[in-house]
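Residue numbers (the UniProt record's numbering): 1 to 260.
Encoded structure:
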């Protein structure tokens, strides 16, 4: 059904219809309320849902109010009421610091991941405390970084080459504990006996240039100036040797020592 024109109240057909200011107009009826100039959608200005041209658009004027004592009192009273209401809302919401966050699939995924991480850490600490110091050692070794276990393999492969020819009896015992060192990650007994006879064979000697504290049970601590004997190169970053001052044997960082 065709609507009526907002000015002449006659039926407006689609060919001459203008839809503006929430009303329907004939193109000829869509003119300024003051000067009757025909308007279009580009040059009209609406005021109280009536079209005006730019020259006759009503200007909004503001009434100046004098700062009388009564007006000042009302202004001050309004400010006090606003401040009282603000403090009331502040005290009511005190301790309830929260913000509304949309529950999106991404936030649900992050929350689920955090819950899983917390659950894993809880079980890890629980198993460690239940096993105790002795039982937890094997559990900790199973979770050891694969890069650390790689240090053991080159060490065990290189040790037979440093065994003196005069002591072939140590080669056979060394092969047996080699397979056991992967699962339990314990120091083989054979390398210890080999190192006791190694100083007689004139192994490599290094001097410590920095202090170092062992960060793991298979490392050794030393001080600046200590002599490291029976040194074996594991890779570019780690060595294996014995601190002459303390007699401790284990891994040490290669950049903390220098060859003698």
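Just so it is clear, CB atoms sit at the ideal spot from N, CA and C, and this is done for glycine as well.
Look at the alpha carbon of residue 228 and the alpha carbon of residue 109, and state the distance between them as a whole number of angstroms.
52 Å
With a threshold of 16 other CB atoms inside 10 Å of the CB of residue 253, please say whether the residue is buried or exposed.
exposed
Close beta carbons around residue 70, own chain, < 7 Å, minus the five adjacent residues each side
No residues qualify anywhere along the chain.
Give the list of continuous alpha helix (DSSP H) stretches no shorter than 4 residues that lie fully inside the UniProt domain "LIM zinc-binding" (5–56).
none
Host alpha helix (DSSP H) of residue 65 (start-end)
Per DSSP, residue 65 belongs to no alpha helix (DSSP H) and is neither H nor E.
When you compare each of 250, 251 and 233 to residue 259 by their alpha carbons, which one comes out closest?
233
Pair within 7 Å by beta-carbon distance, residue 209 and residue 226:
Result no, Cβ atoms of residue 209 and residue 226 do not sit closer than 7 Å.
Among 205, 257 and 49, which has the Cα closest to the Cα of residue 212?
257
Tell me which same chain residues have a C-beta within less than 6 Å of the C-beta of residue 219, skipping the five on either side of it?
250 and 251
Can you determine whether any heavy atom of the ligand NAD sits closer than 6 Å to the C-beta of residue 216, and answer yes or no?
As for the ligand NAD, it is missing from this structure, which has no ligand bound.
Would the segment 40–53 count as touching the segment 16–32 if we require 3 or more Cβ pairs under 8 Å?
yes
Between 217, 78, 37 and 221, which lies nearest to residue 246 when the distance is taken from Cα to Cα?
221
Measure the beta-carbon distance from residue 24 to residue 12 and round it to whole angstroms, keeping in mind my assumption that it falls under 8 Å.
That pair is a contact at about 5 Å.
Going by the CB atoms, is the gap between residue 255 and residue 241 shorter than 7 Å?
no
Between 235, 215, 217 and 207, which lies nearest to residue 224 when the distance is taken from Cα to Cα?
207
Just how far apart, CA to CA, sit residue 128 and residue 120?
Looking at the backbone, the Cα of residue 128 and that of residue 120 are separated by about 12 Å.
Just mark residue 86 as buried or exposed, buried being the case when its beta carbon has 16 or more other beta carbons within 10 Å.
exposed
Classification of residue 8 by the beta-carbon crowding that lies within 10 angstroms, buried from 16 upward
Its Cβ having fewer than 16 others within 10 Å, residue 8 is exposed.
So, using beta-carbon positions, are residue 32 and residue 52 closer together than 7 Å?
yes
Within 10 angstroms of the Cβ of residue 6, are there 16 or more other Cβ atoms? Answer buried if so, exposed if not.
buried
Rounded to the nearest angstrom, what separates residue 248 and residue 204 at their Cα positions?
16 Å
With burial defined as no fewer than 16 other Cβ atoms inside 10 Å of the residue's Cβ, what is the status of residue 74: buried or exposed?
exposed
Can you give me the start and stop residues for the beta strand (DSSP E) that residue 253 sits inside?
249–253
What number of angstroms, rounded off, separates the C-alpha of residue 102 from the C-alpha of residue 15?
48 Å
Cα-Cα separation, residue 80 to residue 89:
C-alpha separation (whole angstroms): 14 Å.
Quick one: using the 10 Å Cβ neighbour count with 16 as the cut-off for buried, is residue 10 buried or exposed?
exposed
Do you know how far the Cα of residue 62 is from the Cα of residue 55?
20 Å
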